[in-house]
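S.K.:
There are 2 protein chains.
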Amino acid sequence: MSDITNARGYPIGEMSKRTGVNIETIRYYERINIMPKPDRTAGGNRQYNHDQLKRLSFIKTSRELGFSIDEIRALLEMVDRQDFTCGEVYGLTVGHLASVREKIKGLRKLEKALVGMAAECSQGDVPDCPILETLFEPR
Amino acid sequence: MSDITNARGYPIGEMSKRTGVNIETIRYYERINIMPKPDRTAGGNRQYNHDQLKRLSFIKTSRELGFSIDEIRALLEMVDRQDFTCGEVYGLTVGHLASVREKIKGLRKLEKALVGMAAECSQGDVPDCPILETLFEPR
DNA sequence: ATGCAGTCTGTAGCCACTACAGAAGCAAGA
DNA sequence: TCTTGCTTCTGTAGTGGCTACAGACTGCAT
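From first to last, the protein sequence lines stand for chains A and B. Residue numbers 1 to 139, in the numbering used here, belong to the letters of the first sequence in order. Residue numbers 1001 to 1139, in the numbering used here, belong to the letters of the second sequence in order.
(1) Exposed or buried, residue 109/A, counting other C-beta atoms within 10 Å across all chains shown (16 or more means buried)?
(2) Which residues of the segment 108 to 129 of chain A have a Cβ closer than 8 Å to any Cβ of chain B? Give them in chain order.
(3) Closer than 7 Å between beta carbons: that is the criterion. Which residues of the segment 1021 to 1033 of chain B meet it against chain A?
(4) So, with DSSP's three-state summary, where would you put residue 1021/B?
(5) Give me the Cα-Cα distance between residue 1005/B and residue 137/A, rounded to the nearest whole angstrom.
(6) Return no unless some Cβ of chain B is closer than 8 Å to the Cβ of residue 43/A.
(7) Would residue 100/A pass as a contact of residue 1097/B if the rule is Cβ separation under 8 Å?
(8) With DSSP run on the structure shown, which of helix, strand or coil describes residue 73/A?
(9) Would you decide whether residue 122/A is buried or exposed? Buried here means 16 or more other CB atoms lie within 10 Å of its CB.
(10) DSSP three-state label for residue 1047/B, please.
(11) Alpha carbons only, please: which of 116/A, 93/A, 59/A and 51/A is nearest the one belonging to residue 32/A?
(12) Of the choices 1112/B, 1116/B, 1105/B and 1013/B, whose alpha-carbon is the least far from that of residue 111/A?
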């Protein structure tokens, strides 16, 4: 019965279920200091509170948006110190957006090249292949 | 003067210059068995031949096209055994193309989300930020 | 009391490199 | 021949962001 409330704290498995972050990853986040060291039970098991749950889902969302751990660390530091401006956060976000766009550009080029190569291929059973020939061409 | 010919063989630095593959990476490729162990000079320095140069540039081109080392290993094994069909190579290429397209799709989604977040931001000096609010939202 | 799921620490592995340290090789000029 | 200075050598460890163990312990329900 007894549903878990923040009075009792969340064990690590509950944190994992609620955020979708792997247990091992949560401990990893603690080790690299983007999650705080939580309270422990008498026996030594981690007990998280609601703020820590929010923090973990912030990290999760940010990771899904492709922010690096260092970028997230920067965001969290601003939050922790409360001395950020919206402009700073905007800068970080727009910088990240630019790098996402770069990646898309690169992948599109790549897609084009692969499509071109595949188009020339007869798919036949003969051991003679324009794809391999392309790959063997210098430059 | 004396330009390097395949009679003499290429030292590793020459291989690096010609293919654009980092020296350390060339040795790494040898260690993981996608490049063969080359001849050595009396003193123990590597001496590559022209075939090995071609192979390395094949690897380089394939990496630039985003093939994983394991995919390249598969391609090279086919080439080495000469028992490949064009259809097999085509399959590998098209499979890779599909994964590239998946990546592009993911990144586009991400781009959209970032643009949406950034658009709501005033960029002002006030410590109140819709981007952070979005990141803190559950789910 | 017992059983079993959950959690603990610590370490090693993943991919594809990259970056050293410290020693040795090599080619050209004096 | 010797020196100078670049290149190469081996071996190991680090990168990012986790993931996967092993082997021991905790916690909770029956």
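Think of the CB as a built atom: it goes at the ideal place given N, C-alpha and C, for glycine as much as any other residue.
M.R.: So, from the listed chains and residues:
(1) Under a 10 Å Cβ-count criterion, residue 109/A is classified as exposed, with fewer than 16 other Cβ atoms of the shown protein chains found around its own Cβ.
(2) Cβ contacts with chain B come from 108, 110, 111, 113, 114, 115, 117, 118, 121, 122, 123, 124, 125, 126, 127, 128 and 129.
(3) Those residues of the segment 1021 to 1033 of chain B that come within reach of chain A (Cβ to Cβ, closer than 7 Å) do not exist; the list is empty.
(4) Residue 1021/B carries a coil assignment under DSSP once its states are collapsed to helix, strand and coil.
(5) Because the pLDDT at residue 1005/B is just 43, under 50, the model does not fix this residue reliably, and the value given afterwards should be weighed accordingly. As the crow flies, the alpha-carbon of residue 1005/B is around 19 Å from that of residue 137/A.
(6) Chain B, which has no Cβ nearer than 8 Å to the Cβ of residue 43/A, makes this no.
(7) Against a cut-off of 8 Å, the Cβ pair of residue 1097/B and residue 100/A comes out as no contact.
(8) The answer is helix: DSSP assigns residue 73/A an H, G or I state.
(9) The residue is exposed, with fewer than 16 neighbouring Cβ atoms inside 10 Å.
(10) Residue 1047/B falls in the strand class under three-state DSSP.
(11) Comparing Cα-Cα distances from residue 32/A to each of 116/A, 93/A, 59/A and 51/A, the minimum goes to 59/A.
(12) The residue with the shortest Cα to Cα distance from residue 111/A is 1105/B.
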